[in-house]
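Colleague: Residues 3 to 175 in the working numbering are what the sequence shown spells out, letter by letter. Ideal Cβ placement from N, Cα and C applies to all residues, glycine included.
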Amino acid sequence: MQEVVKKEIITLLDTDTIHPIADSPWVSPVHCVPKKGGIIVVTNKNDELVPTRIVTDWRVSIDYRKLNEATANDHFPLSFMDQMLERLAGNKKFCFLNALKHLFKKQDAKPRLIRWILLLKEFDREIKDRKGTENVAADHLSRIKNDESSDDSEVDDNFPGENLMEINTGNKP
Numbered sequence: 003m004q005e006v007v008k009k010e011i012i013t014l015l016d017t018d019t020i021h022p023i024a025d026s027p028w029v030s031p032v033h034c035v036p037k038k039g040g041i042i043v044v045t046n047k048n049d050e051l052v053p054t055r056i057v058t059d060w061r062v063s064i065d066y067r068k069l070n071e072a073t074a075n076d077h078f079p080l081s082f083m084d085q086m087l088e089r090l091a092g093n094k095k096f097c098f099l100n101a102l103k104h105l106f107k108k109q110d111a112k113p114r115l116i117r118w119i120l121l122l123k124e125f126d127r128e129i130k131d132r133k134g135t136e137n138v139a140a141d142h143l144s145r146i147k148n149d150e151s152s153d154d155s156e157v158d159d160n161f162p163g164e165n166l167m168e169i170n171t172g173n174k175p
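1) Could you name the residues of the same chain whose beta carbon sits closer than 7 Å to that of asparagine 46, not counting the 5 residues immediately before and after it, in chain order?
2) Just to check, is the beta-carbon of leucine 51 closer than 7 Å to a non-hydrogen atom of the ligand SAM?
3) Between the beta-carbon of arginine 61 and the beta-carbon of valine 35, is there less than 8 Å?
4) Could you tell me if leucine 122 is buried or exposed, where buried requires 16 or more neighbouring beta carbons within 10 angstroms of its beta carbon?
5) Give me whichever residues DSSP pairs with tryptophan 2 in a beta bridge.
6) Between Ile11, Glu71 and Gly40, which lies nearest to valine 57 when the distance is taken from Cα to Cα?
7) Using only the alpha-carbon positions, how far apart do isoleucine 119 and threonine 73 sit?
8) Within the same chain, show all residues whose beta-carbon is closer than 8 Å to that of threonine 19, passing over the 5 residues directly before and after it, in chain order.
9) If you compare alpha carbons, which of Thr13, Arg145 and Pro113 is closest to aspartate 49?
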């Protein structure tokens, strides 16, 4: 089997289908590779008929393995929190994260959650939760009484208070 493979490799080297590349640090991960077109039969030095591919175009082939090794992977829900907090050192910054409020209040926490809580507590950053805007219009509409009594299983297409045109929110008259 090895002799058959060796003979095939020598045939491919003779027809310039493949080229030997020295294993050195100077070998580039980016190569221009000929696009495979049709096949023609050509005679080589020994007057043997050898199938050869026609080069119709060139394709760029990139080996991303070294790039992927150098890239930092994001495996955590709060990605690179320690790096972010180091960059903020000395600055008065606030982080508005609604999820953290839930983390600190949870009593029956799982080990992964406890690890995050302990990790976040070691930094002397103040994390404040800002209440979001309230949907005053939806709140008001939900409190309008419906005079028609309807069964919950039925779909009621009537909109209660269709004459409602404007809702006053805040200080504006």
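Modeller: Looking at the atomic coordinates:
1) Around asparagine 46: Asp16, Thr17 and Val52.
2) With respect to the ligand SAM, the structure shown offers nothing to examine, as it has no ligands at all.
3) yes
4) buried
5) Look at the range of the chain in this structure, 3 to 175, and you will see that residue 2 is not part of it.
6) Gly40
7) 27 Å
8) Thr54 and Arg55
9) Thr13
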